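Step one of this worksheet: look at the structure below.
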Amino acid sequence: MDDRAEHGGPRVPQQRRSGAAGEPAALRFDVLGPVRARRGEQKLTTGSPQQRALLAALLLREGRTATAGELIDALWGDDPPSQALAAVRTYASRLRKALDPGVLVTESGGYAVRGLGEGALDLAVAQEFAAEADKARAAGDLGRARQTLNRALGLWDGEALAGVPGPYAEAQRVRLEEWRLGLLESRLDMDLEQGCHADAVSELTALTAAYPLRERLRELLMLALYRSGRQAEALAVYADTRRLLAEELGVDPRAGLRELQRRILQADPELAEPSAPAAEPAVVRVRPAQLPATVPDFTGRAAFVAELSEVLAAAGGGGAGGVMAVSALAGIGGVGKTTLAVHVAHRARPVFPDGQLYVDLQGAGARAAEPETVLGAFLRALGAAESAIPDSLEERAALYRSLLDGRRILVLLDNARDAAQVRPLLPGTEGCAALVTSRVRMVDLAGAHLVDLDVMSPDEALSLFTRIVGEERVASERKAALDVVAACGFLPLAIRIAASRLASRRTWTVSVLAAKLADERRRLDELQAGDLAVKATFELGYGALEPAQARAFRLLGLADGPDISLRAAAAVLDLPPEEAEDLLESLVDTSLLESAAPGRYRYHDLVRLYARACAERDEQAAGEREVAMSRLLDFYLATATGVYAIERPGERVLEHLSRGSYPGLSFADRGQALDWLFTEASGLLAAVQQAGTAGMLRRAADLLLAAVDLGESGISSRQYVLAATAVVAAAQRTRDPYAEGRARLMHSHILGVSGQFAESDREAGAALTLGLAAQDPVVCAQAPNQQGIIALYNGRHDEAEEHLTKALAAFRADRNTPGEASALCNLSRVHLATGRTESAVSLARQGVTIYERDDTGMALRLANGKYALGLALTSAGEITPALRALTDALGMFQDARQQLWHGMTLFRLAELHLADHGPARAAACAEQALAVLHGIGGDWRRANVLTALGRGLHGVGQLDRARVCWQEALSVFETLRSPEAADVRALLASAPVG
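In this text, residue positions in the sequence shown follow the numbering used here: the first is 10, and each later residue adds one.
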């Protein structure tokens, strides 16, 4: 298996071009160091040392097949284990699963690696560089030849095939090391040819110490010393070499070394000058390497790394249409801009062989670096003498661009203040590139490739935390670790600080750290370690804001929602929308605020905590924070009241709602109104939860009433319940029966919607007591209506009729005709349940008539009436009008985005089709109902739908499936102790087993 190419390196698999747009990330392999495989930035598992040995043997076969016998010899030599063939097959199988399809192929009883992309193997890339260097040297371009050989040598990462066992790997290791030394000797030879003898001495000294018997290195060292004016040392090297060779090998130095000693003794004038001296430059050309070290635990960001690497590779390779490339990364402090930029810059070093410049521009601080000062440092780093550096900014920039002309250099401008600071520092020619990081989006930097860096994904965040803390500590407390990275807002700096604190405290568990970070008021204080602190990072950005920006930053942070609309933000700031938008967009440009979508803004969680801390510390006007939140609540209440009026025209509830001092929005149609309500759900309900002061409680309770569609639809039920319970708790503290009664009423309503009937009944009773004490007509009518509905669901029909009769009287006393119609429709269902079908139909029709008479048209209340009428007509056997009524209700509920009632109407249609002897249509409707009701409505409603589905399936002959549905329904009903359990048992008992 001795595979060598013509230029001295081992042969490798033939490679194809890859990386076309739309292709998946290509495979990459390393053998010039530890044997590794990766797909893009993802490291692939290469298995045990023997498995890596198999992979290495195949990679070095130039795509030719290695038989099983050859591979066994390669891995174990003359002493293979008894199961060697089975082991080879196992290793090959595992590798095939880890790699792309078609890469590791089986052929003629052996294996081969085929179809690798261009640049897929580091050894192949090194061979290409070596061949390119040979051509450049032959053409007399020693400078390019040296640079290209340096790129080849830079691909080594320690010992080739490190840690790979077996005789084949050992032989290849020796051969690759010999090749590397040969490349190194060639490059050093060219160094001396170009007059770089002084620089070469130190490197050659180290190399001769590491490889004492390698005569070519000794020869180069002697020549370098001699040309540096150190003749005696050069001769001493020869003496040392002769002695060492005699002692170790019993031989004399080779002829070339002896000839060099003779020429040095004779002071041969031809030795004093290089054969091809470099032209004396006006400025000594220096190869700067100023990049800071990359962090060893860099994690994630694969898409950004790939994107930026592609841009830099195109620039360094002379791409990008001949234009110097600029990439500008923007993001909040601590998001990892510098870490990412430095990592990408290190990856791109081979593309920029003439060097890399770096500067921290201090843009987030009070005193940003001046471009003139930075240019002076860059010019010196590029080899300009102090006396050659001009004074003015314009002249320094011109000289800087001149020195970069014709060179391939990467410039990393870190922590920039703005585009004006950056422009003079940009290279001016192709082949160079600039990578800029800033908290400000460089929208005014012409031609820049802009990258907005967000926080890490949860998986990336957990991976970073684990790499710092250690797999063993995290594995047993994964949930706590997820809590920690979530508390850090997935911000890399915060995660690094938290992980570093934990890593330095062996007695802490991950849960201890999670508990410390759970306290929002202490969280920023906990996120500091040594000279790293999240708060200090944010302070730099805040300190640079103008007064109006700083006020907006503080006040907007008070709102609890996940994001905020422009109009809601304008209410918080008490500004016209146009002025508010200018301020918010300026905060977006500083990366202290994010633009979630057009017209919507949000904070990173930790930035929000910092903004609130600033509001507590810096807000001067007394009560300004409370006033700002009051304006927000008023805005939501006024707008939600308008939506309620569109959905429920004629409702007396509108006359019983509070009026705030801040106006809301108006809408052209119902669709726009509902769009606003459901889009603003999280922010609106968060504002209700925050309204804990006596002055805002009643408005918060009224906002729950106005926004009832959010809870009733089932989509935002959980957050609605949290908001209601928060108002109840605050009202109890302030002894406000009005606010408490309304909050309990709405809480009861949503509990009923979610199927928690016992809890709903208790809350409705408590609400009624409070409503009577506060003489609140809304609660006094709606609470008994809710009690009647729950009693109906629970089969307590007499009690249901009593509650609903009281509700009917209360609605009539308040002249609330839509409420009266609602009570009539609910009474219809009680009559239906107690066998009074004729009166049930009559009551439902009375309700629908009121809705239609009051010109409510297609409003949501009419859908409720049609629903009740459809049930009554179905029971009366009037299938056609029942189908019409339920179909009308279905369309209305869908239009109103009432997911719960949409699903329940489908269930009632299933029951109608069962009554009409249409089991297939019934099963189809019941299946749709289950899908719509998934996650909402509670188990009781789901069990009812399952019962109907079972009946439909039974009717079409799917007997076993029907029994499964009924068994599941029975389990629910028995758990809830519902009377429907008896009906399902009867179905199971009477149904034949399929």
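Glycine is no exception: its CB is placed at the ideal position from the N, C-alpha and C atoms. Please read these numbers as outputs of a predicted model, since none were measured by experiment.
Pairing Leu317 with Val460 gives a Cβ-Cβ distance under 8 Å. DSSP places Ser600 outside any alpha helix (DSSP H), giving it a letter other than H or E. Bounds of the beta strand (DSSP E) holding Gln365 are Gln365 to Asp369. Annotation: the continuous beta strand (DSSP E) that includes Glu116 extends over Leu113 to Glu116. Separation of the CB atoms of His758 and Val737 is rounded to 13 Å, and the pair is thereby denied contact status at 8 Å.
Membership of Arg576 in the alpha helix (DSSP H) is indicated by the continuous run Leu575 to Leu582. Listed in chain order, the alpha helix (DSSP H) runs fully inside the stretch 486 to 564 are 487 to 496, 501 to 512, 519 to 527, 529 to 535 and 543 to 552, counting runs of at least 4 residues. In terms of CA proximity to Ala715, Ala647 leads the group Ala735, Phe766 and Ala647.
Rounded to the nearest whole angstrom, the C-alpha separation of Glu137 and Arg47 is 21 Å. The beta-carbon distance between Leu878 and Tyr860, rounded to whole angstroms, is 10 Å. This is too long to meet the 8 Å contact definition. For His355, same chain residues with a beta-carbon under 7 Å away, outside a window of 5 residues either side, are Leu300 and Thr303 in chain order. Counting the other Cβ atoms within 10 Å of the Cβ of Gln741 gives fewer than 16, which makes it exposed.
Within the stretch 716 to 765, the runs of alpha helix (DSSP H) that reach at least 4 residues and sit entirely inside it are, in chain order, 717 to 721, 726 to 743 and 746 to 762. With respect to Leu909, Gly964 sits apart: the two C-beta atoms are not nearer than 8 Å.
An exposed status is given to Thr516, since fewer than 16 other beta-carbon atoms sit within 10 Å of its beta-carbon. For Arg609, DSSP records a beta bridge to Ser574 and Ala606. Counting along the chain, no alpha helix (DSSP H) covers Gln907, and no H or E run does either.
If you draw a straight line from the Cα of Ser401 to the Cα of Val383, it is about 12 Å long. Taking the Cα of Arg994 as reference, the smallest distance to any Cα among Val464, Leu253, Leu979 and Ser987 is reached at Leu979. Glu212 is not a Cβ neighbour of Leu151, given a cutoff of 8 Å.
In the three-state DSSP reduction, Ser447 falls in the strand class (E or B). When DSSP assignments are scanned along the stretch 52 to 79, the uninterrupted stretches of alpha helix (DSSP H) that are 4 or more residues long and fall wholly within it turn out to be 58 to 68. Each residue's CA atom was taken as its position, placing Asp200 and Leu232 some 11 Å apart.
The distance from the Cβ of Ala919 to that of Gly874 is about 21 Å, inconsistent with a contact at the 8 Å cut-off. Bounds of the alpha helix (DSSP H) holding Gly856 are Thr846 to Arg862. Within the DSSP bridge table, the entry for Val335 names Ala443 as partners. Under the Cβ criterion (8 Å, minimum of three pairs), the stretch 183 to 190 does not count as touching the stretch 87 to 98.
Contact between Val40 and Leu170 holds, since their C-beta atoms are separated by about 6 Å, short of 8 Å. Between Val452 and Ala425, the CB-CB gap reaches or exceeds 8 Å.
C-alpha of Gly761 to C-alpha of Gly720: approximately 11 Å in a straight line. Contact between Ala75 and Gly126 is ruled out by a C-beta separation of about 21 Å, above the 8 Å threshold.
Around the beta carbon of Lys488, fewer than 16 other beta carbons lie within 10 angstroms, which makes this residue exposed. Look at Asn424 here: in three-state DSSP terms it is strand.
The stretch 415 to 422 and the stretch 363 to 370 touch, with three or more beta-carbon pairs separated by less than 8 Å. Sixteen is the threshold: when 16 or more other Cβ atoms of the shown chains lie within 10 Å of the Cβ of Glu810, as they do, the residue is buried. Going by beta carbons, His806 and Ala782 fall outside the 8 Å limit.
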